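In what follows, a single structure is set out as C-alpha cells and then discussed.
Numbering (the numbering used here), first residue to last: 75 to 176.
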C-alpha cells in the first residue's frame, strides 16, 4: 500500500515519523515497516527493493528479536541506527494497538 503526499523539507526542523499497528493475529516472526520514498518513485513500479529515504518499524521474530529498525538510505547505502530500540511487549502485545515513533 502506498500514498503520495506533497513534498516537504524539514531543514532546521525536527522530523517525527509515527504510525500505529494492530495485528489481527499473534505474530511469531515478521515486520511492519513504513518506508518514505523519494518523490520520483513511480508507485505502479514499486517493489521490495525500491530506493527509499527512510525505513522504520518493528521487527519481531521469537523472544530474542523484538526491536524497532530505523534505516536511512543515502547514496544507495543503508545507514542503520545501531542503538537497540526494543519493542514494548505486553501480555497481548501482538493484538494490541501499538504506536511506533522516532
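All residues carry an ideal CB built from backbone N, CA and C; glycine is no exception.
If you're wondering where the values come from, they're calculated on a predicted model, not measured in any experiment.
query: Buried or exposed: which applies to residue 131, given that a residue is buried once 16 or more other Cβ atoms fall within 10 Å of its Cβ?
result: So residue 131 ends up on the buried side.
- prompt: Do three or more CB pairs link the region 105-115 to the region 129-146 at distances below 8 Å?
  reply: As far as the Cβ criterion goes, the region 105-115 touches the region 129-146, which means the pair count is three or higher.
field: Buried versus exposed call for residue 90 [16 or more other C-beta atoms within 10 Å across all chains shown]
entry: Residue 90 comes out exposed.
query: Are there three or more Cβ pairs, one per stretch, closer than 8 Å when the region 141-153 is compared with the region 122-129?
result: Yes, they touch.
Short Cβ contact (8 Å threshold) for residue 174 with residue 93: The answer is yes: Cβ separation under 8 Å.
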